[in-house]
Structures are given as C-alpha cells and as structure tokens.
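Sequence order for the protein chains is A and P.
If you want our numbering, it's the position in the first sequence, counting the first as 1, plus 760.
If you want our numbering, it's the position in the second sequence, counting the first as 1, plus 25.
Just so it is clear, CB atoms sit at the ideal spot from N, CA and C, and this is done for glycine as well.
Since the structure comes first, as structure tokens, the remarks are kept for the end.
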Amino acid sequence: MGFPLLLAIIVTPLVGAVVVALLPAARTEVAKALGYAFTGATAGLCGYLLWHFQTGDRGFQFVYDQPWIPGLGVRFTLGVDGISLFMVVVTGLLFPLGLLASEKYITHRVKAYVAWFLLLETAIMGIFLTLDLIAFFVFWELLLVPMYFLILGWGSARRKYAAMKFFIYTGLGSAFLLASTLVLGFLHQADTGVLTFDFRTLADWNGLTGTAEVLLFVGFMAAFAIKAPLFPFHTWLPDVHTEAPTAGSVVLAGVIIKMGAYGFVRFSFELFPQASVDLAPILLVLAVIGIIYGAVVAAMQTDLKRVIAYSSVAHMGFVILGIFSLTVIGIDGAVFTMVSHPLTTGALFLLVGMIYERLHTREIGEMGGMWNVAPVLTGLFIAAMFAGIGLPGFSGFVGEFLSLAGAFLYERPFAIVAALGVIFAAVYMLWPFKRAFAGRASGSVARMKDLDQREILVVVPLLALSLFLGLYPKPVLDRIEPAADRAVRNFERKTDYRSPEESRDRRDTERRVEREQRRAEAREGEQ
Amino acid sequence: MNASDILDYLGIIPLLPLAGAVILLLAGRRIGEPRAGWLATGMMALAFLGSLVALFALLSLPAEGRLQVNQVFTWLPAGTFSVGMGTQADPLSVTWLLLVTGVGLLIHLYSIGYMHGDPLFSRFFAYLNLFAASMLILVVADNLLMTFLGWEGVGLCSYLLISFWYRRNDAANAGKKAFVTNRVGDVGFLLAMFLIIATYGTLEYTAMAPAAEIISAGTATAIALLLMVGAMGKSAQLPLHLWLTDAMEGPTPVSALIHAATMVTAGVFLMCRAYPFLEVSHDASVVIMWIGAITALLAGTVAIVQPDIKRALAYSTISQLGYMFLAIGVGGYEAAVFMVLCHAFYKGCLFLGAGSVIHGNGDNQDMRIMGRYRKFLPVTAFAMVIAWLAIAGIPPFAGFWAKDEILVEAYAHGDYGVWIVGTAAALLTAVYMTRLIFLTFFGNARFEGADAALAVPVVSGGSDEGDPAVATAHGPHGSDGHDGDEDPFEDHPTVVFGEPPRPGRLHGHRPHESPVLMLVPIVVLAGLSAVGGLLNLPFGKLDFLHQFLEPVFEGAKGVKATTAQKLTAEGLSVLMALIGVSIALLVYRRGLRSPDRDPLVDRLRPVSTLTGSAYYWDAGVTRFVGGPGERGASWLNRVFDARIVDGAVNGTAWLFQRAGRAASRVQDGYVRRYALGILLGTVAVVCFVLLWAGR
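The following block contains the structure:
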C-alpha cells in the first residue's frame, strides 16, 4: 500500500493539536510556531498529493482501508478523486494563511486557539477524504466542536448566540444525516446480508425502492442544504460569519460551506441517482433563489462582513446550480467554483478583518475615504472584489460561466434567471465599496495605516492564485473532469437520464473537421 | 519569416500595454511623474508599430487568404466544450488594432500634459495602459469568450477611470453606474454564448458563418439580439445609454479614448463579428437598425440643448454610435467600420479639444459662460472647427463620407423609414455641433472678467509659466489640492440641464491655450478628420477600406447603390447639414445675450425641457432603483430574511427548548444538554420514520 498519505494528511494536524494542547499556557510563541509547523507540514503533504495525483484517473486514488469497528461493519476508508482533491489542497493552503492572519487579532489564550484550529483542520480533511459513511459522519460532527469553541472563545459581541445557532442548526442537519446513514446501512444489510457503510459498496448496490430512495435523499439533503447553505436554510451563515474571528470566517467560507455541495456530488449523486435526477428541479429552484436573494440581501447590509457573508449564499447558489445541472460542464464549473470561492472570498474576509483591526468597526457607514489613506489595501480590495464579482480573468468567472452553461444546457429558464445574479453581484459589491472607500477620509479613517508586509503576504497569494486559475484553469479542470464525468455517466447507467451534452457531441466533431478543412484550404490558398 | 508567421505573433500587441500597466501598478510611484507617462506612451507606440507590421503582413497576403487564426493555449476545457486563447488576424481585427493603438497613442501623449501635477499621475497611466491591453485583447480574440475577457476588462478600466477622482461623490457614483449598466448588457452577451454552446458548441469566430447556416432562423435571431443587448450596454444604445453621460465625470482624456473613440465601439465590433447571424435573421437586423436610428435621433435632440460641453459631446457620441448600428442593421458592415474610424478621429479631436478648453479655463464645462475662446485658444479652436465640419457632414471632411455612406446604404436597401430618421438626425448633428462651436469659440465672451481678459494681448503657445493666474489653474485635479477653502460647487464640475449658469466658475482664471504636448494630438486628429474620407471614397477603385474589409464579410448580401440613389441620399444629407448649420448660425452667431438666456432652450419650451432632461428616462430609472427597488430589497432584508426565514429558525429552536424543558422538568440552564437531547431524539424519530416508510 505504501505510505498512507491521506492518513498522514488527517493525522498531522491532529498530532499538532494534541502537542499544542499539552504545552504550558504561557508558551504562546512555541504554540504559534508549532501551529505554523503542523499546518505547514499538512500543506506540504497536500502539495505532494497534488503532484502525484493521476490526472486521467476516474476512480479513487491513494486509497487507504482499515477495519475500524468490525462489529458494525464500519471501516476507515480514505480515498481522493478530482472532486475532493482540490478541497483538500485548498484546506491545506488556507490554514497556514489563517494562522498568519490571526497574528495580530488573537492575543489571548493563543495556545487554545491554535489547538482548536488544528483540530478543525483534521475534521475538514477527514470529511473530504473518508469513503465510509460512519467515519464521514464522525468527522462531520467533529467539525462542530472546534468551530463552536473558536467562535465562543474568540468571536465578537454576540458570539454566544452565533455559536449556539451554528451548533444547533448544523447539528440538526447532522441528525438527519446520521439517521439516513444508519437506515441505508440496515436496508443494505436486509437486502444482501452484509452490514457495511462503505460508500463504494453502497453506491454499487441497486436495492433501494423509489420512496426509500427519495426519503434518504431528503435526509442527506437536510444536512447538506443547511451546510451549503441553500435558501432558506442560510440564516446561520451571516450570524456566524459576523461573530467568528477572521480566520474562522476564512475557513468557514472557504471550505466548511463547500462540504454541503461536496456531499451532494459525492454521496447523494452516487447513492441516490434516481432521486437526484427526480429532485434536481427543486434544488435548482432553491439555487436560483439563493443566487438572486443572496445578492439582493447582500446589497442591503450595513456591515461589510455581512455583505460578504450573504454574497457567499449567492455564490453557493451557483455551485448548487452547476451540480444539479447534471452535466459534466456544470459539475466542472461547480467544483471549480468550490476551489475558486475560497480564494476570492477568503481574500475579502481577510481584508475586512484587517480593516476591522484598524477601525474597530465593520459598519460601512463609519468608513469612507479609505482609498486616500490606504491605497494598497484598496487596490487589493478592488482586485478581490472584482474576482468575487466574477470578472473574466479571475477564477470566479470560470466557475460561474461553466455552472451557468451547464444549467442552460439542462433547462434554460434556470440559467436565464440565474444569469441576472451577475448584475446584482456588481451592485452588492460596488455599492458598499463606494461608500467605504471613495470620498474624503475623516476621523479614525484619516489616521488609519495602510497594510504592512505581513498582511500583504497573506492576501496576495490568494489573489495571485485566483488570477492564475482564471487565465489558466486547465490544470484544475483536467483533474476535476474525470470525476465529474463519472458522476454523469453514473446517472446514465443507473437511470434513464441522458445528458444534454451528448447529443451535441457528434455534430461538434463534424464541424471541427469541416473547420480544419476550411483552414487547410485557406492555407493552401496562401501558398 | 513570411507574412503569416508574423501574424501568428499578433498576441504580443496586447501584451505590450499590459506589461506597462503591471510595471506602473507595482512601481508607478517610484517611476514618478513624467516618466510614468512616457513609459505608458512608449508601450502604446510599440503596440502601434506592431499593428502597422500586422497591417503590412496582412496586405502582403492575397485578399481571400487574409485570415490567420492562432490558438495559443486551451483556456477552458470542460466536458465536450472547449475554448482557447488565440488570436485572429484579419482585416477587421487589424483595423481595430490600428484604431486603438493609433488613437490610444495620441491620447496617452495628450494625457501627459493633461494630468500634469495630479498626485495619482502614474496610477492614471497604469489604468490607461490596462485599458488599452483589454481593448486589444477584445479585438484580437479568435472567439467570443476571449472577446468577453477583453470586454469585461475594458469595463473594469472604464469603472476605475470614471471614478478616478474618487473623492468626488459624483465620480464614484458614475463609475458604479457605468459598470452595473454594462453588466445588464453582459447578461445578454453571456446568454448568447450559452445559446451558441447549446446549439453548436463552439465560440470560435471562424465557426460562426457555417453555424449560422445550420441553426434555425429563430435561434439566429435570438443569438443576434442577445449579443445586441451586450452591444447596447457597451456602446450606450437605447435604453442602456444612461451611463455614458455620467461617465463624463472621468478625466477628459478618458472620455476621449474610452467613451468616444474606442471602447464604445466594441459593440459595433461585436456585431461585425456576429454578422453571419444577422445575414440569416432579417428580424434581428430590423430591430438593430431601428435601435440605432432611434438612438441617433433621440440622443441628437438631447444634445442640442445641453449647457455642458462634455455632456453635449457625450450625447453626440450616443447619437453617432446609433448611426453605426443603423448601418449594421441595413447590412452595411463596412460602412459601420468606416464610421467607427472617422468618428474616432473627429470625436477624439472634439473631446481632446474640449479637454483643452476645460483645462484652460479653470475647470469650467459650462458653455454658456464661455464664448470668444478662439482669442485665447487659437490652436484648439482651429482644430475643433475642422472636427466640427467633419462631424456635421460638410464635404469633403471625413464625417460626410462616413455618414453618407450609411444613409446611402439605408436608402438603397429600401429601408426608407430609418433613412428618414437618419437624415433628420444629420440635421440635428449639424445644429448641436454648430451651437457647441459657436458658444465656445465665437460670439461674445461671457465669463467673469472677460473684458479685462480680452484687453490684454494674448500670448499664444500655452506655456503655463509666466501667467500667474494660469499657474495655479491645474485642471480638474485642483479638487485634490485645496481641501481647506472648499468651493461648494467644486465637487460638481458637470453642468446638468436646467442648472443656472454661474459666471464665477472660472475662479478668475483667464482662458489660456494648452501646452504643445496636448495640442499635437488635437491637431493630428483634426488633420485625420479632414482627410479621413480618403480611406474610403465612393468612386471607382478608391474605396480602399471597403475592399480591405470585404473578405471579412463574405456572403453578406450588401446592396450596390445606383448613382441616382447615391446622389439622392447624399444630396439630401448635405442639404440637411447645411440647413442645420444655418439654423444654429442664425441663433448662436453672436453668442448669447446673457448666460442664462439660451434662445433654443427658451423658444422650444416645453419641448426643450423634455429633451434636455433626456426624456426623464435616466431620472426615472434612478428613482425607481432608489425608491421601490431599494425599499423592496430592504424589506427582503429587514422583514423577510430577519423575521420570517430566521424567525422560523429561532422559533423552532425555542419550541424545542420549551418541549425539552417540559419533558425533563429540569431547568439547569444548560442549553447544550437540551441540544444533545434534541439531536438524539431527532435521530431516533428520523430513523423510525425512514425505516417504516422505506419498507
């Protein structure tokens, strides 16, 4: 089996968390250094994973399989494919940056902060890498603990309310997830006599009846839709974002809310293909509502962080739109957005955090004129803002474009309404930007300092990566594609769904041949 | 290296100003004032040279072989769909390359003088170079999506440059409005691309002609009209025109380069690339033709009574762009391109001239308090007079040939309705331009202290030193300098219709001529406005541009106008131009009796109030968005989201909590314990339901 790379990715931050927790509380510098060391090491392992990932492979790679609770058929199975690969890599990237961004802001109980932060990374990595449903649930629940304590310990004024809301709301979703997982396992046992929660075995099993499949789909959906968050299950997100520390927000917007979307593609699609096809229109409607509604409500926020929080609702709408377009191009776009959104929104949250550290407010009305005093901050904010709006050249556009194109192929009205979100995105970003940055500086804004080297170093990699992926997304798309293709083929194999992309294939080829001929003729004409 | 090898390197041209932009963004402040401008200008000069090389390389190929596509790399591969980054060298792209780099070079040069002393000097040139790069990407692209990349890039730069003086609330708002309005158009562009992907799968331009033949006429109409929505946004056609006049808040070189000569013609470029769909879809052509004609006419009626020199020119631009779309609608693609070129010459000249006037008279844009400026700005006056004759359609200047070719095409095509509207708009053009020139340069001087200023002998040449009044009058950037004693009107350089004139706007400055650096581009553009017609004379084999562009539009069913048709259409339009000039001369020959008495406005009331206010469309949209629109959004946020959606969540949580309390009768305050109980209970209930229902 070789070196268990995926296990190492999960365990490294866990070891770090334990080591940091055992330190004496006064050794903050050591805690910080260990934090960088362990998140850095994890990032290195992720880089190694990215490097050795086989691009054309449609299946799971680096599979690690160990029995865990034999009596219940629970195994500890890990594997990575094109859909989870980049979520793991992005997580690996965001954690060291998150620590770097916390330097100034986190001044008390640093040791505990670092420990919880590392535990959070373990939970997230586990969620994206595990292929056993029970293990998945365990990580899914494990995530709540560090997140709860991070918000409660280092959040803003209403942190208790936010932490509790997050805990109960997503916990409620998890309850549905656990119940559905157990039932799925038991039904499989009743049918085949084998008790297992191995995802791949269950995906190959075709014994579900129609009603059971729909109910189980809804059970999984409860967990995923809350986490995604899909309208109307989104209200926890702005509250939690506003109260969470910057690094928490970055990780929350960056990877935690992607877990819902990931759950749909990874689990719902393969376990409940018929229900996914049948219920796709409902999810598309919710996605489209999320895109427009999230954008409109974002525009009305007076708190800069809430603007970005609501914009995440709109962006996740695009992700769900792409996923449930049930087309390769749409799923490509959705997964790509899941990679791109952490970069752009992460940068925006980091910048808002930096503004907050200077002005001690996030109220847009108390800002104004920052452009005069902080040109570097403003320049980076402009870049992050347009990356978030989905300006071509930045990664956000690639994902949005492909998701919309997929939705258009699937059912045009969804894409047409969702495309209006493009206008609202400009409104909800440019309007607050104008109020916060343009005009004359006065009061505390006039005395504000521009970004220092460390802060620039935190934000620039994210934006540079977003720009690179916007101009050259091929390396990422090439790795996502086989997995997206597998998902769509899975529908075609198990249901009577046919991808609208297929019918076009042949004509396309014919035309390409024709064009080549014309070009050849034109070239001959020259000579 | 033979010609086609050279054309494979077309992609270098946009990279030159892009490199300039990157350098200036990173190290602009260190590079400092004059050098940053020269660096950016140098990049444009290189890009212009590159475009010339491309032109000669293209000309060395046989006419039918002038198409060279070079796929550089795959940009977006997804499923069965794939689109690349590549360049397409053909007469259309090379024409636009020369336009953008040529006029761009002149305006960069001009900006070095105009932006002198601005604290954000190097940032301005970074944006300007970034704009040029985006615009060049837009035109060299070999597919729609890459054009869209440039399309949004120019939108970004337009936003940044309109809001360049971001301290002014109006400027910041105008930039935002421009971007958002353009995004409305972009939705059309995006949907057109999706429709193309859905129907034939590739966004490449070379695939459009074969594709148009196989798709249904309805689809072709839809694609053409959706692209037109995009073009309406970028090229400020009705009803998406309302951002362009506000865009005048930007520095004047920006108005000249982006909002007159180049970016606003991107819509025309797009429709030229999409001509195969128009050839298939008569319906789409008719719609486009009428949008163009109505825009040309209505914008003309608005321009005629504007007091602000830049706003008058902006409405004029909208009107002239209308002509271009009229041409495209009647199938006169070459005529549209010809108009784009000529318009860039004379409107570029007029805007730069207007900038020279504004720069030279204490930031005043109100024509009602100008007058007799030819005494103070002789070179500017001379150049603008030529451009005036060109735009008014007086032979043999450029505008005559361009506009008349369009009107001849419309007439020969049998579209008499648009022909009449277009000819009427020609009359308006002559009137508003004559009014503008005479209010500014001729007639009586109406600014404060005019008599004293006129008494002093005028020193020509425009050196800023030696005239103490002038030395402090540094352009619109003055607003950055004196924060202490604020002029309440300083934040509003724009003069909207109906605003009373304030003779003190000049702040006691005597109008003066601009430095040589600014005059050279103005004079060059004036020269081009005079002789631009030579590009495409409608006699025998002298229609060079037409011949050059013909292979691009192969298969276009153009109508060959008979000599009689030509004479009728041209004769009538020249007549209209002469009538227009005469009317305006009668009214404005001597200037205004008093700054607050504009005879055209006063005599045409209440019509002039209606047209001067741009038919209240802009105000109406603003009021709707700011009124019911904002109230609705606010309701969604405050009531629906906070009370109903979130209220349901909190209500449910509260209910559970109450139920938990009632069941356990223990009130120890540990919410977490309830939470755990709730979760376990839910698991049990859901398990039961699922097992029971799933049997």
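Between P/ASP666 and the set A/THR1097, A/PHE1084, A/ALA1074, A/THR995, the nearest pair of CA atoms involves A/THR995. Shown here, A/THR867 sits in coil according to DSSP, grouped into three states, outside any helix or strand.
Between the beta-carbon of A/PRO827 and that of A/ARG818 there is about 27 Å, and that puts the pair past the 8 Å contact cut. For P/THR105, a Cβ of chain A is located within less than 8 Å of the residue's own Cβ. For the segment 1230–1242 of chain A, residues whose beta-carbon sits nearer than 8 Å to a beta-carbon of chain P comprise LEU1231, TYR1232, PRO1233, LYS1234, LEU1237, ASP1238, GLU1241.
Think of a sphere of 7 Å around the beta carbon of P/VAL212: the chain A residues whose beta carbon falls inside it are ALA1179, LEU1180, VAL1182, ILE1183, in chain order. Using a Cβ-Cβ cut-off of 7 Å, P/THR99 is close to LYS1234 of chain A, given in chain order. For P/ASN662, the nearest CB of chain A lies under 8 Å from its own CB, placing it at the interface with that chain.
A/LEU1108 has its alpha-carbon roughly 16 Å from the corresponding atom of A/ASP1210.
For A/LYS1194, the chain P residues whose Cβ falls inside 9 Å of its Cβ are SER188, TYR191, ASN194, ALA197, ASN198, GLY200, LYS201, in order along the chain. By the C-beta criterion, the segment 640–650 of chain P is judged not to be in contact with the segment 523–540 of chain P, since fewer than 3 inter-stretch pairs fall below 8 Å. Beta bridge pairing from DSSP links P/VAL108 with P/LEU101.
Against chain A, a Cβ distance below 8 Å from P/PRO102 picks out LYS1234, LEU1237, ASP1238, GLU1241. Residue burial is scored here from C-beta neighbours: P/TYR441 has fewer than 16 other C-beta atoms within 10 angstroms and is therefore classed as exposed.
Remark: three or more beta-carbon pairs, one from each stretch, lie closer than 8 Å, so the segment 359–379 of chain P and the segment 277–294 of chain P are flagged as touching.
Per DSSP, reduced to three states, the secondary structure at A/TYR824 is strand. Annotation for P/LEU562: no beta strand (DSSP E) segment contains it, and DSSP assigns it neither H nor E.
Neighbours of A/TRP1131 in chain P, taken as residues whose beta carbon is under 7 Å from its own, are TYR191 in chain order. If you look at P/THR231, you'll find it isn't in any alpha helix (DSSP H); DSSP assigns it neither H nor E.
With contacts defined as CB atoms closer than 8 Å, P/SER29 and P/LEU86 qualify as a contacting pair. Think of a sphere of 7 Å around the beta carbon of P/LEU574: no beta carbon from chain A falls inside it, the nearest being about 17 Å out. Judged by beta-carbon spacing, A/LEU902 lies within the 8 Å limit of A/ALA883, meaning their Cβ atoms are closer than that value.
Close partners of A/TYR1053 in chain P (Cβ separation under 9 Å): LEU661, PHE665, ASP666. Straight-line spacing of the CA atoms in P/ALA427 and A/ILE1089 works out to 45 Å. Identification of chain P residues near A/ASP1092 by a Cβ-Cβ cut-off of 7 Å yields ALA103, GLY104, ordered along the chain.
Under the DSSP assignment, P/THR206 falls in the alpha helix (DSSP H) whose first and last residues are 194–224. For P/LEU161, the closest Cβ of chain A is not nearer than 8 Å. Only those residues of the segment 216–241 of chain P whose C-beta falls short of 8 Å from the nearest C-beta of chain A are listed: LEU216, MET218, PHE219, LEU220, ILE222, ALA223, TYR225, GLY226, THR227, GLU229, THR231, ALA232, PRO235, ALA236.
A direct Cα-to-Cα measurement between A/LEU782 and A/ALA872 gives close to 10 Å. CA-CA distance, A/PHE822 to A/PHE959, rounds to 16 Å. In this structure, A/MET1127 places its C-beta atom within 8 Å of the C-beta atom of A/VAL1205. For P/ALA658, the C-beta contacts it makes with chain A under 8 Å involve VAL1056, VAL1057, ALA1059, MET1060, in order along the chain. The segment 402–420 of chain P makes contact with the segment 551–561 of chain P; the number of CB pairs closer than 8 Å reaches 3 or more. By the Cβ rule, the segment 29–49 of chain P counts as touching the segment 148–166 of chain P, because three or more pairs are nearer than 8 Å. Beyond the five residues adjoining it in sequence on each side, P/LEU71 comes within less than 8 Å, by CB distance, of LEU41 in the same chain, given in chain order.
Boundaries of the alpha helix (DSSP H) harbouring A/ARG1253: 1234–1254, taken from the DSSP string.
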